[in-house]
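To keep things clear, I will list the structure first and then write my remarks on it.
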Amino acid sequence: MRILFVTGTDTGVGKTWVTLGLIQALQAAGRRVAAVKPVAAGTVCRDGHRVNEDAWRLGRALLPPRPPEMVAVEVFDPPIAPHIAAERAGRVLDPEALARACRARGAGADWLLVEGAGGWRVPLARTGPTLAEVARCLRASVLLVVGLRLGCLNHALLTAEAVAADGLALAGWVGVCLLPDLPAQAAQVDTLRARLTAPCLGVVPHLASPDPARLAAALDPTLL
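Here it is as structure tokens:
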């Protein structure tokens, strides 16, 4: 089983959208795919139940579909930093336990896609481990989602350096157009191609809502 940890340059840069696109593309190629979120903060009401919307979307995209509680390992209602939510709920986020739960949810799959929360160094506690420790426990390769906007070059390069410093391989990166019209966007992508040693799997166009088919069409998972 190949394990790919999907991280991002920040919160809200399109990690879930890219993961949805990868699910669609890999399943279309005949691969068995599982998707998990080690931690998820923020819930909405679906069918009378409180669920994390990202986990709900990922579960619906899988073949066969999975309920959101089989996608997200630890879920917290308030949309705040996971370690703060865990502290308020009296729960402990242990990276080894989270990694074991992720592996269990990936049993029988060819690919296990692990979508992180926020960026690479999101804390799991006030002091101590970060979400990067989960990726290390999984011995995962890393896919970096870059939200294309002013400042993303610095964020992307710093994240790539942090991944390498933590001893993991950056398998690739994806650009996501966050704005309908970003000045010098093509030049930003060219700069990232020149400076990041990992391949670019694609650039996701600006979309009003996630369209799995269009997301998959923008990505080339054979580069992983």
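Heads up, the sequence shown is in the numbering used here, so the first residue is 781 and it goes up one at a time.
We put the beta carbon where it would ideally sit given N, CA and C, even for glycine.
The structure displayed is predicted, hence computed values, not measured ones.
For residue j and residue i, the rounded distance between their alpha carbons
i, j, result
"residue 864", "residue 871", "10 angstroms"
"residue 900", "residue 810", "30 angstroms"
"residue 962", "residue 932", "12 angstroms"
"residue 966", "residue 980", "13 angstroms"
"residue 862", "residue 914", "14 angstroms"
"residue 944", "residue 911", "15 angstroms"
"residue 843", "residue 856", "26 angstroms"
"residue 791", "residue 947", "23 angstroms"
"residue 869", "residue 969", "41 angstroms"
"residue 906", "residue 949", "27 angstroms"
"residue 978", "residue 953", "7 angstroms"
"residue 1002", "residue 935", "26 angstroms"
"residue 858", "residue 999", "32 angstroms"
"residue 873", "residue 866", "7 angstroms"
"residue 829", "residue 982", "35 angstroms"
Contacting residues, own chain, Cβ-Cβ under 6 angstroms from residue i (five flanking each side not counted)
i, result
"residue 895", "786, 795, 799 and 817"
"residue 812", "889 and 890"
"residue 852", "817, 820, 832 and 835"
Neighbourhood of residue i by C-beta distance below 8 angstroms, restricted to the same chain and skipping five residues each side
i, result
"residue 784", "802, 891, 892, 893, 894, 920, 921, 922, 923, 951 and 1004"
"residue 990", "796, 797, 800 and 837"
"residue 942", "900, 901 and 912"
"residue 971", "933"
Assigned secondary structure, residue i (DSSP; H/G/I helix, E/B strand, else coil)
i, result
"residue 935", "helix"
"residue 907", "coil"
"residue 955", "strand"
"residue 923", "strand"
"residue 783", "strand"
"residue 928", "strand"
"residue 986", "coil"
"residue 845", "coil"
"residue 1001", "helix"
"residue 861", "coil"
"residue 801", "helix"
"residue 835", "helix"
"residue 806", "helix"
"residue 944", "helix"
"residue 949", "coil"
"residue 914", "helix"
"residue 812", "coil"
7 angstroms CB neighbourhood of residue i in its chain, flanking five on each side removed
i, result
"residue 876", "917"
"residue 846", "839"
"residue 831", "823, 824 and 848"
"residue 1013", "No statement about residue 1013 is possible, as the shown extent of the chain runs from 781 to 1004 and does not include it."
"residue 940", "924, 950 and 976"
"residue 841", "800, 803, 804 and 992"
Rounded distance between the beta-carbons of residue j and residue i, thought under 8 angstroms
i, j, result
"residue 995", "residue 804", "7 angstroms"
"residue 789", "residue 927", "6 angstroms"
"residue 814", "residue 886", "4 angstroms"
"residue 925", "residue 957", "About 12 angstroms; that fails the 8 angstroms criterion."
"residue 860", "residue 821", "6 angstroms"
"residue 959", "residue 929", "6 angstroms"
My parser needs the alpha helix (DSSP H) runs of 4 or more residues fully inside the stretch 865 to 900; what are they? Assignment of alpha helix (DSSP H) within the stretch 865 to 900, counting only whole runs of 4 or more residues, yields 875 to 885 in chain order.
Would you list, in sequence order, the uninterrupted beta strand (DSSP E) runs of no fewer than 3 residues that lie entirely inside the stretch 961 to 985? 980 to 984
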